[in-house]
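Q:
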Amino acid sequence: MPTIETAGETLGAGEEGITDLVSQLVEDARGLASAEVAVVKARIGERVSAYRSAIVFFVVAGVLALAALITALVGAVLTLATLFGPGLATLAVVIAVLAIAASLALIGKSRLAPATEKQL
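Position in the sequence shown counted from 1, then plus 229, gives you my numbering.
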């Protein structure tokens, strides 16, 4: 049986040296990491495909809600136009909507400030 001498040790033909074992370990670790990445990608792909139709429905619902809001605002202008005239009614509705938008923006800003401070 042929023998290999490494670092003062004599190894048989069927035995591997420490460098070969470490090399094999590194290759196996790379293979395992690649397999784990593939599993994560597959899971993400499944979740995206499962939620894709739900996202489409949410987008359509949002568009319809926006259309309903615009219709309600036009209705408010037309209703107020009988009392104040079209110009003043439009101005009143625009001011009211901008006030609501500003309030919501300030609320959103106040909720972002603590999160930003925690991250710093």
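Virtual Cβ for every residue (Gly too), placed ideally from N, Cα, C. Remember, predicted model here, so these are calculated numbers, not experimental data.
1) Buried or exposed, going by whether 16 or more other CB atoms sit within 10 Å of the CB of A322?
2) Mind checking whether the beta-carbon of T248 lies closer than 7 angstroms to any heavy atom of the ligand GDP?
3) For a test of the three-state rule: what should DSSP assign to G314, helix, strand or coil?
4) What whole-angstrom Cβ distance do L225 and A318 have, given they're in contact under 8 angstroms?
5) Classify R340 as helix, strand or coil using the three-state DSSP reduction.
6) Any idea what DSSP makes of E245, helix, strand or coil?
7) Can you tell me the Cα-Cα spacing of T261 and A267, whole angstroms?
A: Reading it off the structure:
1) To locate residue 322, count along the sequence shown from 1; it is residue 93. According to the sequence shown, residue 322 is Val rather than Ala. Buried, by the Cβ-count rule.
2) Absence of the ligand GDP is noted for the structure shown, with no ligands found whatsoever.
3) Indexing the sequence shown from 1 puts residue 314 at position 85. It is coil, neither helix nor strand.
4) The first residue shown for the chain is 230 and the last is 349, placing residue 225 beyond what the model contains.
5) Looking up residue 340 in the sequence shown gives position 111. In the structure shown, R340 sits in a helix (DSSP, three-state: H, G or I).
6) In the sequence shown, counting from the first residue as 1, residue 245 sits at position 16. The answer is coil: DSSP assigns E245 none of H, G, I, E or B.
7) Start at 1 with the first residue of the sequence shown, and residue 261 comes out as number 32. Start at 1 with the first residue of the sequence shown, and residue 267 comes out as number 38. Reading off the sequence, residue 261 comes out as Leu, not Thr. Cα to Cα, L261 sits roughly 10 angstroms from A267.
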